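To keep things clear, I will list the structure first and then write my remarks on it.
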Amino acid sequence: MGAQVGRAVFMAVALRGHVLGKNYTNLLAWSASACVLWLVGAFLDPTARLVVWLVALVVDVAAQRFEFRFPGLGTAPMHTWPTDPEHLAERNRGVFIIALGESILIVGFTLPEPEPITVRAIVATLLGFVGLFVLWWAYFALVGQDTQTSRGDASTSALRSAFACAHALMVAGAIVVAVSIELRIGHAEADPAVVLTTVGGPLAYLGGNILFLRSRTGSVARARCVAATALVAVGVLGLVVGHTIPSLVVGLATVAIMGTLAVVTQLTSKSSSPETAA
Numbered sequence: 076m077g078a079q080v081g082r083a084v085f086m087a088v089a090l091r092g093h094v095l096g097k098n099y100t101n102l103l104a105w106s107a108s109a110c111v112l113w114l115v116g117a118f119l120d121p122t123a124r125l126v127v128w129l130v131a132l133v134v135d136v137a138a139q140r141f142e143f144r145f146p147g148l149g150t151a152p153m154h155t156w157p158t159d160p161e162h163l164a165e166r167n168r169g170v171f172i173i174a175l176g177e178s179i180l181i182v183g184f185t186l187p188e189p190e191p192i193t194v195r196a197i198v199a200t201l202l203g204f205v206g207l208f209v210l211w212w213a214y215f216a217l218v219g220q221d222t223q224t225s226r227g228d229a230s231t232s233a234l235r236s237a238f239a240c241a242h243a244l245m246v247a248g249a250i251v252v253a254v255s256i257e258l259r260i261g262h263a264e265a266d267p268a269v270v271l272t273t274v275g276g277p278l279a280y281l282g283g284n285i286l287f288l289r290s291r292t293g294s295v296a297r298a299r300c301v302a303a304t305a306l307v308a309v310g311v312l313g314l315v316v317g318h319t320i321p322s323l324v325v326g327l328a329t330v331a332i333m334g335t336l337a338v339v340t341q342l343t344s345k346s347s348s349p350e351t352a353a
């Protein structure tokens, strides 16, 4: 919260008299409003805290949707925010790498918990590392494609979708994948929590992929839509027969789908058509 508000204060002062100074003043008003809710929620009981924090999250998200319109300040339309696609791409790649690194640490810390360490736990951990690897592979095979010269919308609004919204989904997916690995290490059966996190993580990641490609290339990511459909099928099947199959089976099926997608993306990455490479 301090970084969010502090950044807006600094930029509003440093750029006063410039259009960006006004933009950051509007951003400051929204961020400060959300910050009040975050702070108030911290002093409430858990149930009330969750409600207040959800409202704070809605305020943060709604700011962009309403073009940072604030009483007495007017609006800060997206087209008035200058952007650099390469800079945004580099920053978001770094954030995704950090998310994967944190996920690896979570997996590493989880393994010693079963007493004693079983063969199944070791296999689940190794499968988890493979799953994180194919997530990394699928991501960098994707962002290595030439999307900068594509026919998609190059407006600030489109870049926001590609590098803010889409990458937030991808990072969330990587975190949920780590949670699913932790659950599979501790649970032999594919109970609903295991199935939902095992499938939900890659699905969130693919949702980010699809939004990214749609924003940057204007194309429909067909391969990723097929992979998402396959993941949904695995999830439904897992929920139906989950207690009769090992949790490793669901994990293996998910890794196989994402691994296949990574291979397909890599093999088509040099294609001249972004649509085929997707």
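Those letters in the sequence shown? Residues 76 to 353, per this note's numbering, in order. Every residue, glycine too, gets a C-beta built ideally from N, C-alpha and C. Here the structure is a predicted model, which is why all the values come from computation and not from measurement.
Excluding five sequence neighbours on each side, which residues of the same chain lie with their C-beta closer than 7 Å to the C-beta of residue i?
i, result
"proline 277", "Gly248, Val252, Leu306, Thr329 and Met333"
"leucine 207", "Leu175, Ser178, Ile179 and Val252"
"aspartate 266", "Gly317 and His318"
Taking the alpha helix (DSSP H) that residue i belongs to, which residues open and close that run?
i, result
"leucine 102", "94-117"
"leucine 125", "121-140"
"proline 316", "Note that residue 316 is valine in the sequence shown, not proline. Note, valine 316: alpha helix (DSSP H), 297-316."
List the residues that DSSP assigns as beta-bridge partners of residue i.
i, result
"phenylalanine 145", "Gly149"
"proline 321", "Glu264"
With distances taken Cα to Cα, identify the nearest neighbour of residue i among the options.
i, options, result
"valine 170", "Trp211, Val182 and Val295", "Trp211"
"valine 274", "Leu244, Val246 and Val311", "Val311"
"valine 134", "Leu102, Phe118, Glu165 and Ile173", "Leu102"
"phenylalanine 145", "Ala104, Leu201, Val315 and Val270", "Ala104"
"alanine 216", "Arg140, Thr335, His262 and Gly81", "Thr335"
"leucine 271", "Glu165, Gly326 and Cys240", "Gly326"
"glutamate 264", "Ser322, Trp113, Leu125 and Leu114", "Ser322"
"alanine 303", "Val315, His93, Ser294 and Ile285", "Ile285"
Just how far apart, CA to CA, sit residue i and residue j?
i, j, result
"arginine 168", "threonine 343", "21 Å"
"valine 338", "aspartate 120", "48 Å"
"alanine 89", "alanine 107", "18 Å"
"valine 182", "isoleucine 256", "7 Å"
"threonine 100", "alanine 117", "26 Å"
"valine 84", "valine 127", "24 Å"
"threonine 185", "alanine 199", "11 Å"
"asparagine 164", "leucine 114", "Residue identity differs from the one stated: residue 164 is alanine in this sequence, not asparagine. Going from the Cα of alanine 164 to the Cα of leucine 114 covers about 32 Å."
"serine 290", "cysteine 300", "15 Å"
What residues in its chain sit with their C-beta under 6 Å from that of residue i, if we drop five residues either side in the sequence?
i, result
"tyrosine 280", "Met245 and Gly248"
"glycine 283", "Ala241, Leu244 and Met245"
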